[in-house]
Amino acid sequence: MQTIKPLTAAQLPDIVSIEQQAAFVPWSLALFESCLAADYFNFVLWDKDKLCGYYLAQQVLDEASLFNIVVAPDEQGKGYGRILLQHMLQQAKQRHCQQVWLEVRAGNTAAIALYQSAGFELSGRRKNYYQSSAGADDALVMRFQLSVAPE
Ligand SMILES: CC(C)(COP(=O)(O)OP(=O)(O)OC[C@H]1O[C@@H](n2cnc3c(N)ncnc32)[C@H](O)[C@@H]1OP(=O)(O)O)[C@@H](O)C(=O)NCCC(=O)NCCS
């Protein structure tokens, strides 16, 4: 049975460990700590007492940004990424956001497939935005329209 609960500071060591296993360019502990602020909404997915995945998002006025979404490597492919993404979109809606933005590495086919199947649309591209030991990669900017703004 899966549950989704707000992320707390006490969970950050476990999150950083998953991040290092799963992410192409892992976030640092300091970066996660900087997201424990009032304008963020960050959640963790548990399967019983196992921390399986998480997302971090920020709201600014009527827009939300999904900054990070990760499922532990040994828990991937079970639908948890989709559950987390749907939860994020629901949270953004409850907060009266009009749209959700995210950036994804152009080579991250799994994440792009997830976002597209959820209804995100390509909105722009930043050339060579991601630099790593494996080389440079473009960033795709994607947008999900939650509601149409009144004219
Ligand atoms: C992207 C990620 C969160 C998906 O999580 P997941 O739990 O494995 O995904 P799900 O099982 O919920 O699958 C949902 C959809 O994602 C896509 N997907 C997932 N894994 C995929 C893969 N290996 N190849 C292609 N598409 C894939 C599919 O569209 C899938 O839908 P389907 O099962 O109906 O085909 C996970 O791969 C991950 O943590 N990756 C590393 C971190 C990362 O890159 N995060 C995104 C940062 S922008």
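According to this note's numbering, the stretch in the sequence shown is residues 258 to 408, in order.
Virtual Cβ for every residue (Gly too), placed ideally from N, Cα, C.
Remember, it's a predicted structure, so these values are computed and weren't measured experimentally.
Any non-hydrogen atom of ligand 1 closer than 8 Å to residue i Cβ
i    : result
Q333 : yes
V317 : no
F281 : yes
R352 : no
R383 : no
E360 : yes
T366 : yes
Y386 : no
S374 : yes
Assumed close pair residue i, residue j - CB separation to whole angstroms, cut-off 8 Å
i    : j    : result
L412 : L341 : Nothing about residue 412 can be reported from this structure: the residues present for the chain run from 258 to 408 only.
D296 : V317 : 7 Å
E235 : V327 : Here the chain comprises residues numbered 258 to 408, so residue 235 is not present and cannot be evaluated.
L403 : Q373 : So it is not a contact: roughly 17 Å between Cβ atoms.
Y311 : I272 : 6 Å
A396 : R383 : 4 Å
Terminal residues of the beta strand (DSSP E) in which residue i lies
i    : result
Q351 : Premise fails: Q351 lies in the alpha helix (DSSP H), 337 to 351, not in any beta strand (DSSP E).
D394 : 392 to 402
A314 : 307 to 317
L288 : No beta strand (DSSP E) holds L288; the alpha helix (DSSP H) holding it covers 286 to 291.
Within 9 Å, strictly: CB atoms of residue i and residue j
i    : j    : result
A279 : A349 : no
F401 : G381 : no
F298 : P263 : yes
L359 : L323 : yes
L371 : R339 : yes
G364 : D394 : yes
D304 : M345 : no
R362 : F281 : yes
L308 : Q268 : yes
Residue span of the alpha helix (DSSP H) that contains residue i, given as start and end
i    : result
L371 : 366 to 375
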